[in-house]
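K.L.:
In our numbering, the protein residues as written are 5 to 193.
I'd like to ask you about the structure that follows.
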Amino acid sequence: MVLAPAGWLLWRTLAGDLGANPVEALTLETGHWTLRFLLLALAATPLRRLSGWNGLLRHRRLLGLAAAGYALLHLLIYAVLDQGLLWSQIGGDILKRPFITAGMAAFVLLLPLAATSFDAAVRWLGARRWQGLHRLVYPATVLALLHFWWKVKADTREPALYAAVFGLLLAARFVTDRRRARLRRRPSA
5 MVLAPAGWLL
15 WRTLAGDLGA
25 NPVEALTLET
35 GHWTLRFLLL
45 ALAATPLRRL
55 SGWNGLLRHR
65 RLLGLAAAGY
75 ALLHLLIYAV
85 LDQGLLWSQI
95 GGDILKRPFI
105 TAGMAAFVLL
115 LPLAATSFDA
125 AVRWLGARRW
135 QGLHRLVYPA
145 TVLALLHFWW
155 KVKADTREPA
165 LYAAVFGLLL
175 AARFVTDRRR
185 ARLRRRPSA
């Protein structure tokens, strides 16, 4: 499931079906899939809490790792195919172009999440610390959304849609967390 977009992109690349600027098309598509998988992973808990459906929850870890994998692919396409591994140029872009700064910061925040997305890491860190670390997904998503928003400049409808979905997921999480906190504080009869 999570490899299907990469397979489709590979097929389109080999078929020469990526348009006049294939590197840009690959960069855009891998960025889109990074955000899609991030949002799907974030949707797992609110969907379970609101509807009782566990479908996404069973695959949340895989979805998060897919987001990190597509983010890595996105970065590699930029660094290797677009910039030719010219580190001074890449460093200059990170410092001078805010959308690249935001994207790089999002990627850096995703690294420890991917590195600790296995059961032994939960045991090693302890559940509470592991959970705290994995809350970095929220600022990482904000930074990824900013990266996308600042990149497109003019037509912001698509990043606005992703941001709206993220906002709805945050609102759902806030509502359910408040409800759970209220229930915990309520004295038992």
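In this text, a Cβ means the ideal position worked out from N, Cα and C, and glycines have one as well.
#1: Under a three-way DSSP split, which group does phenylalanine 122 fall into?
#2: Pick out whichever of Ile104, Arg183, Ala125, Leu173 has its Cα sitting closest to the Cα of glycine 150.
#3: Can you give me the Cβ contacts of arginine 16 inside the same chain, cut-off strictly under 6 angstroms, excluding the 5 residues immediately before and after it?
#4: My guess is that tyrosine 166 and phenylalanine 152 are in contact by the Cβ rule of under 8 angstroms, so how many angstroms apart are they, rounded?
#5: If you follow the alpha helix (DSSP H) that glutamine 87 is in, where does it begin and where does it stop?
#6: Can you give me the start and stop residues for the alpha helix (DSSP H) that leucine 66 sits inside?
#7: Can you tell me where the alpha helix (DSSP H) with valine 6 in it begins and where it stops?
#8: What do you get for leucine 13, buried or exposed, if any count of 16 or more other CB atoms within 10 angstroms of its CB means buried?
#9: Alpha carbon to alpha carbon, how far is leucine 79 from leucine 32?
#10: For leucine 54 and threonine 120, what's the separation of their Cα atoms in angstroms?
#11: Going by other Cβ atoms of all chains shown within 10 Å of its Cβ, with 16 needed for buried, is threonine 160 buried or exposed?
#12: Hey, would you say leucine 129 sits closer than 8 angstroms to leucine 117, going by beta carbons?
#13: Please report the straight-line C-alpha distance between leucine 115 and alanine 72, rounded to a whole angstrom.
#14: According to DSSP, is tryptophan 57 helix, strand or coil?
P.N.:
Result, derived from the coordinates:
#1: coil
#2: Checking the displayed sequence, the identity of residue 150 turns out to be leucine instead of glycine. If we check each option's Cα against that of leucine 150, Ile104 comes out closest.
#3: Leu22
#4: 7 angstroms
#5: Run containing glutamine 87: none; DSSP gives neither H nor E here.
#6: 64-80
#7: No alpha helix (DSSP H) contains valine 6, which DSSP labels as neither H nor E.
#8: buried
#9: 11 angstroms
#10: If you take the alpha carbons of leucine 54 and threonine 120, they lie about 28 angstroms apart.
#11: exposed
#12: No, the Cβ-Cβ distance between leucine 129 and leucine 117 is not below 8 angstroms.
#13: Cα to Cα, leucine 115 sits roughly 7 angstroms from alanine 72.
#14: Coil, per DSSP.
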